[in-house]
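First the structure, in the form of structure tokens, and then the observations on it.
Residue numbers (our numbering): 9 to 508.
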């Protein structure tokens, strides 16, 4: 057990000296001050649906017609399927998303979600850009769904506490009542029941029957003067009390309700102090560290001999029987220490769950922003390409078409200069010398095109010089001009993927 001091105080040869319990009083007063302090309860941030709903709206807006048909009934974009089975789309892994998509269909048609989706740039995406853009919101939706489940599992505290419950716990620990007593504490309530026993009985901690049940009881046992009080109070003048309380003297009457109020008010007023669960833990620990061992028992306060009967020649203290055998159990027998230790554990757990929740919410926000940025990037790229094509229409044509040679050209400008030369006499384009043209790659060293061959035999003969295993230059894909093979239409290079 770490909350204790196993080194005993020096025993006094004579009467207990004045001020002997000032350290204990200060530690106990710090606990009493908690009832007027502001203890911060960790606020676990709530999981909102904003980011997830936005991602599902994006995900649905860029999805293919086939996926949208899973939700919509036919061409009707208002009526939706209730289940994947109804949509005849079972086994696609979409069961967990259908309800979210159904909600998304409603949100994307109304503001503010409609405007948010529009601002993302999805409306400007071509089909090619959509193919690329679909992955980001789909991945984000899956990631966020997992994170939402983690939030539900890992951010829920074992036991939560409200401000009202916190105040009740503190007042019960200090005064034995749900609320701070006014005008005076009730003696029997403070001592945890009928307080008719003598001082040593009321100041001894015991399981279930402890009379030292509250913080104020502990303070009275440490400070209230005995019959033969020393000139200097053992704690302070205010904590000394007006009437003596020693052994059986004043049993059942002292300390009175008024005395208890005076003893409590001897503590400094620290109203409004802001306390964290770390500080609460430190204050409880500061008390338990002052417990020292004499023989088998532990004592909070000054011990000389005998029991904690209030005599200046004996002891002014709180006794913990069997402390040397089981300190943990002995401490937990003191109800207010047990309750405040439990409160510290609750607040600490809430603080840890608060941290977990914050991390998960940050991940959800990041996933949503990443998907949105991906959509915007795709939209910006599409716009840039559109502007470029408007300035140079030729860029809109496929590369193969731009580099295709024409058999006849009327001007030099029609001949692609990058790979071809213009023959002014023949008015046609020819491959540049040394260029590795498509025709050359296919074994055409004559300059003839496949379409120049009029029958199947000539067409296939054009492949004679091509090494085995290489793509063929020409193949029949049409009707024979000579009326031969009815299974082909013409000699063409489109069948070049067929190898010898």
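Think of the CB as a built atom: it goes at the ideal place given N, C-alpha and C, for glycine as much as any other residue.
Can you find the residues in the same chain that come closer than 7 Å, C-beta to C-beta, to residue i, ignoring five residues on each side of it along the sequence?
i	result
residue 374	none
residue 228	263, 268, 271
residue 459	498, 499, 500
residue 171	49
residue 223	36, 39, 40, 181, 182, 344
residue 196	202, 203
residue 47	174, 283, 288
residue 415	Only weak support exists for where residue 415 lies, its pLDDT of 46 falling under 50; the value from the coordinates is given anyway. Cβ neighbours of residue 415 beyond the five flanking positions: 436.
Taking the beta carbon of residue i as the centre, do at least 16 other beta carbons fall within 10 Å, making it buried, or is it exposed?
i	result
residue 514	Residue 514 lies beyond the stretch modelled for the chain, which goes from 9 to 508, so this question has no answer here.
residue 291	buried
residue 563	Residue 563 cannot be examined here, being either before or after the span of the chain that is shown, 9 to 508.
residue 267	buried
residue 432	exposed
residue 36	buried
residue 315	buried
residue 309	buried
residue 216	exposed
residue 381	exposed
residue 131	exposed
residue 73	exposed
residue 201	exposed
residue 348	buried
residue 471	buried
residue 25	exposed
residue 139	exposed
residue 236	exposed
residue 443	For residue 443, the pLDDT reaches just 45, beneath the cut-off of 50, and the residue's location in the model is therefore unreliable, leaving the point undetermined.
residue 141	buried
residue 240	exposed
residue 134	exposed
residue 249	buried
residue 383	buried
Taking residue i as the reference, give the member of the options with the closest Cα.
i	options	result
residue 221	122, 342, 123	342
residue 321	255, 388, 149	255
residue 243	225, 264, 271, 252	271
residue 184	359, 43, 28	43
residue 210	51, 351, 324, 25	324
residue 175	24, 283, 370, 159	283
residue 274	23, 24, 40, 281	40
residue 161	180, 368, 216	368
residue 523	351, 326, 213, 279	Since the first residue shown for the chain is 9 and the last is 508, residue 523 is missing from the structure and cannot be characterised.
residue 370	327, 38, 77, 56	56
residue 362	121, 245, 163	163
residue 328	193, 474, 214, 456	214
residue 356	123, 194, 51	51
residue 334	366, 301, 311, 317	301
residue 378	123, 294, 128	128
residue 193	225, 177, 482, 173	225
residue 165	54, 137, 58, 71	54
residue 122	134, 144, 62, 387	62
residue 80	58, 71, 70, 110	110
Specify, as a first and last residue, the run of the alpha helix (DSSP H) that residue i falls within.
i	result
residue 326	Looking at the DSSP string, residue 326 is not in any alpha helix (DSSP H); the run it does join, the beta strand (DSSP E), is 323-328.
residue 60	58-69
residue 75	73-79
residue 121	121-128
residue 25	No alpha helix (DSSP H) holds residue 25; DSSP gives it neither H nor E.
residue 225	223-231
residue 145	143-162
residue 292	285-296
residue 213	Premise fails: residue 213 is in no alpha helix (DSSP H) and is neither H nor E.
residue 267	265-273
residue 435	From DSSP, residue 435 is part of no alpha helix (DSSP H); its letter is neither H nor E.
residue 201	It is not in any alpha helix (DSSP H) - residue 201 carries neither H nor E in the DSSP assignment.
residue 180	171-183
residue 339	335-340
residue 464	464-469
Tell me which residues share the same chain as residue i and place their Cβ nearer than 6 Å to its Cβ, disregarding the 5 neighbours each side in the sequence.
i	result
residue 112	64, 65, 68
residue 289	352
residue 346	340
residue 277	none
Quick one: what's got a C-beta closer than 8 Å to residue i's C-beta in the same chain, skipping five residues either side?
i	result
residue 60	108, 149, 152, 153, 156, 372, 376
residue 179	43, 185, 186, 187, 188
residue 338	213, 306, 328, 329, 330, 331
residue 319	234, 235, 236, 254, 255
For the beta strand (DSSP E) that residue i lies in, which residues bound it at each end?
i	result
residue 305	305-311
residue 302	300-302
Spell out whether any CB of chain C is found under 8 Å from the CB atom of residue i.
i	result
residue 242	The structure shown contains no chain C, having only a single protein chain.
Please tell me whether, using a cut-off of 7 Å, the distance from the CB of residue i to the nearest non-hydrogen atom of the ligand GDP is below it.
i	result
residue 50	The ligand content of the structure shown is nil, which means the ligand GDP is not present either.
**Message:** Using a Cβ distance threshold of 8 Å, determine whether the segment 28-48 contacts the segment 113-122, with at least three qualifying pairs required.
**Reply:** no
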